[in-house]
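Student:
Here it is as structure tokens:
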């Protein structure tokens with residue numbers, strides 16, 4: 001079974017530039033999550049989708065971050081404009097919906113903002 | 001605001017020794033609690049999951065406990081191995097409508113020395 005795919009794996013940009021990350025979840029997983037993980041901290045949930053609908057985006061900085069999952073499969077996360085404090089690993093995860101269904105994580109995208 | 005606190009922040013032990021990691025949470029309404037292992041540069045991988053009615057769950061040398069009254073959980077690692085060196089993250093999910101929203105702790109960094 002193929003895992004969660006993410007690209008790019010690494011990205012270096014200057015502050016005020018824009019960047020986009022892509023995630024392809026495991027086939028059949030209706031729930032998709034985007035996390036921000038700053039070095040030395042646990043992942044912080046940015047947005048959770050159920051199919052193409054948003055379940056929770058309470059911690060998404062909506063003035064600069066946006067995410068979409070138009071067809072209920074792939075998803076993109078965009079930052080515009082980027083700030084230095086956005087330097088982090090951006091993790092995508094997916095799961096079947098339900099209480100005990102495990103999230104499977106992708107390898108992450110390491111973003112460095114200079 | 002839902003919160004998950006973990007202790008200690010970091011831990012160094014010798015190979016073969018046991019250790020216990022702690023997790024306290026204020027998440028409502030509580031749905032389930034998972035422990036994840038995150039190796040450096042990788043996404044988290046689930047070790048155990050417990051719902052409200054479960055007190056303990058084992059996965060090989062890993063044993064998790066849950067006290068839903070005091071809102072505390074622990075992860076006990078028996079006969080540690082070098083490969084146990086990783087970050088261990090406690091994740092508590094709250095029910096929101098028909099979905100489950102996870103809150104991650106900051107993790108405990110475990111280093112096992114030979």
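Residue numbers (our numbering), protein chains in the order written: chain D, 1 to 114; chain W, 1 to 114. Glycine included, C-beta positions come from ideal geometry on N, C-alpha and C. If you're wondering where the values come from, they're calculated on a predicted model, not measured in any experiment.
(1) Do you know how far the Cα of residue 9 of chain W is from the Cα of residue 109 of chain W?
(2) Fully enclosed by the region 45 to 71 of chain W, which beta strand (DSSP E) runs are 3 residues long or longer?
(3) To which residues of the same chain is residue 78 of chain D closer than 6 Å at the C-beta, ignoring the five residues directly before and after it?
(4) Got a sec, what are the start and stop residues for the beta strand (DSSP E) residue 53 of chain D sits in?
(5) Taking DSSP as the reference, what is the three-state secondary structure of residue 111 of chain D?
(6) Run through DSSP, which three-state label would residue 91 of chain D get?
(7) So, under 8 Å CB-CB, residue 83 of chain W and residue 15 of chain W are touching, yes? Tell me the CB distance rounded to an integer number of Å.
(8) For residue 78 of chain W, count neighbouring Cβ atoms within 10 angstroms of its own Cβ and tell me buried if that reaches 16, exposed if not.
(9) In the DSSP assignment, what are the bridge partners of residue 32 of chain W?
(10) Could you run through the region 26 to 56 of chain W and flag, in chain order, every residue whose CB is less than 9 Å away from some CB of chain D?
(11) Go ahead and pull the three-state DSSP assignment for residue 82 of chain W.
(12) Which class does residue 14 of chain D belong to by DSSP, given the choice of helix, strand or coil?
(13) Count the other C-beta atoms from every protein chain shown that fall within 10 angstroms of the C-beta of residue 18 of chain D, then say buried if there are 16 or more, exposed otherwise.
(14) What's the call for residue 3 of chain W, buried or exposed, on a 16-neighbour Cβ count within 10 Å?
(15) Which word fits residue 70 of chain W, buried or exposed, when buried means at least 16 other C-beta atoms lie within 10 angstroms of its C-beta?
Tutor: On the basis of the coordinates in this document:
(1) When rounded, the distance between both Cα atoms is 6 Å.
(2) Listed in chain order, they are 45 to 51, 56 to 59 and 62 to 67.
(3) The answer, listed in chain order, is 20 and 66.
(4) First-last of the beta strand (DSSP E) with residue 53 of chain D: 53 to 56.
(5) The answer is strand: DSSP assigns residue 111 of chain D an E or B state.
(6) In the structure shown, residue 91 of chain D sits in a strand (DSSP, three-state: E or B).
(7) Contact between residue 83 of chain W and residue 15 of chain W is absent: CB atoms are separated by about 10 Å, not below the 8 Å threshold.
(8) Per the 10 Å Cβ criterion, exposed.
(9) Its beta-bridge partners are W/51 and W/93.
(10) The region 26 to 56 of chain W vs chain D, Cβ under 9 Å: 31, 32, 34, 36, 38, 41, 42, 43, 44, 45, 46, 49 and 51.
(11) Reduced to three states, the DSSP call for residue 82 of chain W is helix.
(12) Three-state DSSP puts residue 14 of chain D in coil, outside helix and strand.
(13) In this structure residue 18 of chain D is exposed. Its beta-carbon is surrounded by fewer than 16 other beta-carbon atoms within 10 angstroms.
(14) In the assembly as shown, residue 3 of chain W is an exposed residue. Its beta-carbon has fewer than 16 other beta-carbons within 10 Å.
(15) Around the C-beta of residue 70 of chain W, fewer than 16 other C-beta atoms lie within 10 Å, and the residue is accordingly described as exposed.
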